[in-house]
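Number of protein chains: 2
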Amino acid sequence: MDRDTNPQNESSKSLNSAIKDLLRDYNDLNSSTIDELPTEPSPLEFHRYVAQNRPFVIRNAAKSFSAYDRWSASYLTKTLANSPVCVAVTPLGNADAPLRQENGDIWLVKPHETTLPFNEAFDLIRDGTGKNTVYLQSQDGNLKDEYAALAEDVPPDIPWARVALGRGPDAVNVWIGNERSKTALHKDPYENVYVQVRGAKRFTLLPPVAVAGVGERLLKGARYVPKQDATEGLGVEEVGLEARLDGDGASVPFPTWDPDGVTEVGEEGGLRELCRPVRVRLGEGDMLYLPALWFHQVEQECGNEEFCCAVNYWYDMEYSGSFYALAVFARNVANAAIGGTMGENEQ
Amino acid sequence: MDRDTNPQNESSKSLNSAIKDLLRDYNDLNSSTIDELPTEPSPLEFHRYVAQNRPFVIRNAAKSFSAYDRWSASYLTKTLANSPVCVAVTPLGNADAPLRQENGDIWLVKPHETTLPFNEAFDLIRDGTGKNTVYLQSQDGNLKDEYAALAEDVPPDIPWARVALGRGPDAVNVWIGNERSKTALHKDPYENVYVQVRGAKRFTLLPPVAVAGVGERLLKGARYVPKQDATEGLGVEEVGLEARLDGDGASVPFPTWDPDGVTEVGEEGGLRELCRPVRVRLGEGDMLYLPALWFHQVEQECGNEEFCCAVNYWYDMEYSGSFYALAVFARNVANAAIGGTMGENEQ
Ligand SMILES: O=C(O)CCC(=O)C(=O)O
Ligand SMILES: O=C(O)CCC(=O)C(=O)O
Numbered sequence: 001m002d003r004d005t006n007p008q009n010e011s012s013k014s015l016n017s018a019i020k021d022l023l024r025d026y027n028d029l030n031s032s033t034i035d036e037l038p039t040e041p042s043p044l045e046f047h048r049y050v051a052q053n054r055p056f057v058i059r060n061a062a063k064s065f066s067a068y069d070r071w072s073a074s075y076l077t078k079t080l081a082n083s084p085v086c087v088a089v090t091p092l093g094n095a096d097a098p099l100r101q102e103n104g105d106i107w108l109v110k111p112h113e114t115t116l117p118f119n120e121a122f123d124l125i126r127d128g129t130g131k132n133t134v135y136l137q138s139q140d141g142n143l144k145d146e147y148a149a150l151a152e153d154v155p156p157d158i159p160w161a162r163v164a165l166g167r168g169p170d171a172v173n174v175w176i177g178n179e180r181s182k183t184a185l186h187k188d189p190y191e192n193v194y195v196q197v198r199g200a201k202r203f204t205l206l207p208p209v210a211v212a213g214v215g216e217r218l219l220k221g222a223r224y225v226p227k228q229d230a231t232e233g234l235g236v237e238e239v240g241l242e243a244r245l246d247g248d249g250a251s252v253p254f255p256t257w258d259p260d261g262v263t264e265v266g267e268e269g270g271l272r273e274l275c276r277p278v279r280v281r282l283g284e285g286d287m288l289y290l291p292a293l294w295f296h297q298v299e300q301e302c303g304n305e306e307f308c309c310a311v312n313y314w315y316d317m318e319y320s321g322s323f324y325a326l327a328v329f330a331r332n333v334a335n336a337a338i339g340g341t342m343g344e345n346e347q
Numbered sequence: 001m002d003r004d005t006n007p008q009n010e011s012s013k014s015l016n017s018a019i020k021d022l023l024r025d026y027n028d029l030n031s032s033t034i035d036e037l038p039t040e041p042s043p044l045e046f047h048r049y050v051a052q053n054r055p056f057v058i059r060n061a062a063k064s065f066s067a068y069d070r071w072s073a074s075y076l077t078k079t080l081a082n083s084p085v086c087v088a089v090t091p092l093g094n095a096d097a098p099l100r101q102e103n104g105d106i107w108l109v110k111p112h113e114t115t116l117p118f119n120e121a122f123d124l125i126r127d128g129t130g131k132n133t134v135y136l137q138s139q140d141g142n143l144k145d146e147y148a149a150l151a152e153d154v155p156p157d158i159p160w161a162r163v164a165l166g167r168g169p170d171a172v173n174v175w176i177g178n179e180r181s182k183t184a185l186h187k188d189p190y191e192n193v194y195v196q197v198r199g200a201k202r203f204t205l206l207p208p209v210a211v212a213g214v215g216e217r218l219l220k221g222a223r224y225v226p227k228q229d230a231t232e233g234l235g236v237e238e239v240g241l242e243a244r245l246d247g248d249g250a251s252v253p254f255p256t257w258d259p260d261g262v263t264e265v266g267e268e269g270g271l272r273e274l275c276r277p278v279r280v281r282l283g284e285g286d287m288l289y290l291p292a293l294w295f296h297q298v299e300q301e302c303g304n305e306e307f308c309c310a311v312n313y314w315y316d317m318e319y320s321g322s323f324y325a326l327a328v329f330a331r332n333v334a335n336a337a338i339g340g341t342m343g344e345n346e347q
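Just so you know, the sequences run in chain order A and B.
With UniProt numbering, letter number 37 in the first sequence gets 37, and the count goes up by one each step, no holes.
With UniProt numbering, letter number 130 in the second sequence gets 130, and the count goes up by one each step, no holes.
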């Protein structure tokens, strides 16, 4: 399907206005800024935010974590030493991000992944002058695994979240990087409690109803791989990387909008001006509740010791009830309404 | 707009399948029966149901209410005596219900309303042989007002609902009728805790995602009024009533589907078979949580003393967050998809 064989008709016009009304209703009924809680919420107070699918931030809430006192560069170096960690390497700080090709196609490019002794990787991050960007972002519950030596410095879960949701976290992840890394706009099916320990993170957030405005496209999966002739003798920070399509030819739907950048793929039928990004900057010790299915783009700033470090708790979202089914519906309708552009990259 | 000038096109076909997928997703992710809780929930447990927008029933939970022990026919007669109450009178037990006219139009007909001494109205309900049906259903927080003499027999609110929702009830209503009354399928913007005291109620429930299947149409507002020549000397139970259009000519969207009856207005594009009514019968002392925006049709059975009596607590729903905006969106898309039939009664 493309725009020419499926011209805008009455029905898709009324769809477009239904989507605009959805965004207008949402904007009318919700604050355009993020709530700041004075203290940690009770489980019930937290559950009200979960039920509304609305984010909040609590300044300084993680200052009681041992990690807040302990996680200096020298402590991390001593504690993790030469234990092997998974390293994401990219030429542009763009791990798991859409990348426009010369022919106009957009690929979703995963980072080059390799394993290094922690100290080596950490030095590359703090030095930050290599050609490539290094990010420790192994998102698979790495606190139990690669970073187990740090586990005692943070609580195993967030008590009010565990009680409210009636379950422990599905994964607890450590993120260590520098300001050259930027996490592209995406969503996760998790209730996310994000804790900043060192440096700062700047989140740009959009609610699930904004799905029609984020430029979701079917992107071919790809990965950065070292160029054949450029690996010899070079460290991961200097090796030449090129994006290569995955063997399986699979495509995944993914947002292509960069809320900070130029609009790459059209104006989405005038919907974008109704999508109002909520911005929040987490400093050291701040905690963010990022609700399930919210789109988020994440940038970072280094702390005094030239690195940025965070821990986050992912709790499975609730699929029963109305919310998840309605969010999927909004996405399907959005893709039907924007006139088949979903398939632009399918060929 | 009608079906002929807006034939099914690609876009409305894909909409139809988006709506079918919504119903299928909902059916896959949710039980087709209602949860039965063994005891009253904690505020947090209740809030999980609110967040999921899912109903439950608690058998015998209201047996501790004084009303359960006290509300015999003689107690009500003695306590309310001749105090004036608002009485809804209809020829078919159909208060606030769609009524098909000879020319095919469907009107939404409100009951004839009058004021009677309680005892007189109560006798008419218990006798139940009049030409017309009498229902005490004044839905305006009547427990504080007409039925204030009964207020001490029930709690002023439901503690776990008040704590969970962070507010008291917007209205507490008493309903007294007999099995000739049937409340037509409709929805309310309230979290509803419904308590059966005498007799039984049979609820037929459909979730908000079923909006495309309930045959919502724009219905002209009307009201039963006594026929000019038929009022003389007759009691309200015998007076001739006819539906008359409201003076303001206003229309309201309203479901026209009777889940128990024949399908009056078409098959809604094959959607209806995916709308699975949940049925629950409340006996004396049972409590139902009926979530906001759920469609409900309600029938009643008399108890030993030939009347049926219930009390319900309406708590304002939460409009912030994603759910309300998404539910309105589903309704707008449904109306766009079923090919303009929404307007069938507009002319
Ligand atoms: O910290 C980051 O770079 C990304 C975090 C993220 O995407 C998440 O917590 O889901
Ligand atoms: O009991 C009835 O007849 C109707 C109840 C109802 O519609 C409600 O509680 O919202």
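Note that CB positions come from ideal geometry on N, CA and C, so glycine has one too.
Residue 265 of chain A to residue 294 of chain A span [Cα, whole Å]: Caution applies to residue 265 of chain A, whose pLDDT of 47 falls short of 50 and renders its modelled position unreliable; the model cannot decide the point.
Partners in chain B for residue 289 of chain A, counting only beta-carbon separations shorter than 8 Å: In chain order: nothing, as chain B lies at least about 13 Å away.
beta-carbon residue 349 of chain B near ligand 2 non-hydrogen atom, thresh 6 Å: Only positions 1 to 347 of chain B appear in this structure, which leaves residue 349 of chain B out of reach.
7 Å Cβ cutoff met for residue 163 of chain A and residue 43 of chain A: yes
Given 8 Å, three or more beta-carbon pairs between the stretch 109-129 of chain B and the stretch 151-160 of chain B: no
Limits of the unbroken alpha helix (DSSP H) element including residue 49 of chain B: 43-52
Assigned secondary structure, residue 331 of chain B (DSSP; H/G/I helix, E/B strand, else coil): helix
Residues from the stretch 53-79 of chain B in contact with chain A, defined by Cβ distance under 9 Å: 53, 54
Given 8 Å, three or more beta-carbon pairs between the stretch 55-64 of chain B and the stretch 278-286 of chain B: yes
C-alpha distance - residue 336 of chain B paired with residue 299 of chain A, whole-angstrom precision: 40 Å
Range of the contiguous alpha helix (DSSP H) that encloses residue 77 of chain A: 73-80
Burial state of residue 78 of chain B (16 or more Cβ within 10 Å): exposed
Closer than 7 Å to chain A by CB, residue 270 of chain B: no
Completely contained beta strand (DSSP E) runs for the stretch 226-284 of chain A, where each covers 3 or more residues: 241-245, 251-254, 278-282
Cross-strand partners of residue 177 of chain A (DSSP beta bridge): A/308
Length of the line joining the Cα atoms of residue 234 of chain A and residue 190 of chain A: 38 Å
Enclosing alpha helix (DSSP H) for residue 197 of chain B [first to last residue]: Note, residue 197 of chain B: premise wrong, no alpha helix (DSSP H); beta strand (DSSP E) at 190-198.
Buried or exposed by the 16-neighbour rule on C-beta atoms within 10 Å, applied to residue 104 of chain B: exposed
Closest residue to residue 257 of chain B among B/26, B/313, B/73, B/205 (Cα-Cα distance): B/205
Euclidean distance between Cα positions of residue 187 of chain B and residue 289 of chain B: 14 Å
Between the CA atoms of residue 107 of chain B and residue 263 of chain B - distance to the nearest angstrom: No answer about residue 263 of chain B holds up, because its pLDDT of 47 lies below 50 and its placement is not dependable.
Close Cβ partners of residue 84 of chain A (< 8 Å) along its chain, the five nearest in sequence each way excluded: 115, 116, 117, 118, 146
Contact set between the stretch 214-226 of chain A and chain B, restricted to residues whose Cβ is under 8 Å from the partner: none
Residue-chain proximity (residue 47 of chain B, chain A), Cβ-Cβ < 7 Å: yes
Rounded C-alpha distance that separates residue 193 of chain B from residue 138 of chain B: 17 Å
Collapsed DSSP secondary structure at residue 299 of chain A in the structure displayed: strand
Cβ pair count under 8 Å reaching 3, the stretch 300-314 of chain B against the stretch 198-215 of chain B: yes
Per-residue contacts from residue 261 of chain B into chain A (C-beta, under 7 Å): Per Cβ cutoff of 7 Å: no residues; residue 261 of chain B is ~26 Å from chain A at best.
Limits of the alpha helix (DSSP H) - the one that residue 294 of chain B falls within: Neither: residue 294 of chain B is in no alpha helix (DSSP H) and is coded neither H nor E.
For residue 209 of chain B and residue 22 of chain B, believed in contact at Cβ under 8 Å, the rounded distance: 6 Å
In DSSP terms, what residue 26 of chain B is bridged to: Bridge partners of residue 26 of chain B: none, in fact.
C-alpha gap between residue 216 of chain A and residue 98 of chain A, whole angstroms: 11 Å
Residue 95 of chain B (DSSP reduced to helix, strand or coil): coil
Whole-angstrom distance between residue 28 of chain B and residue 276 of chain B, CA atom to CA atom: 12 Å
Residue-level contact to chain B via CB, residue 32 of chain A, 7 Å cutoff: no
Beta carbon of residue 49 of chain B nearer than 7 Å to that of residue 161 of chain B: no
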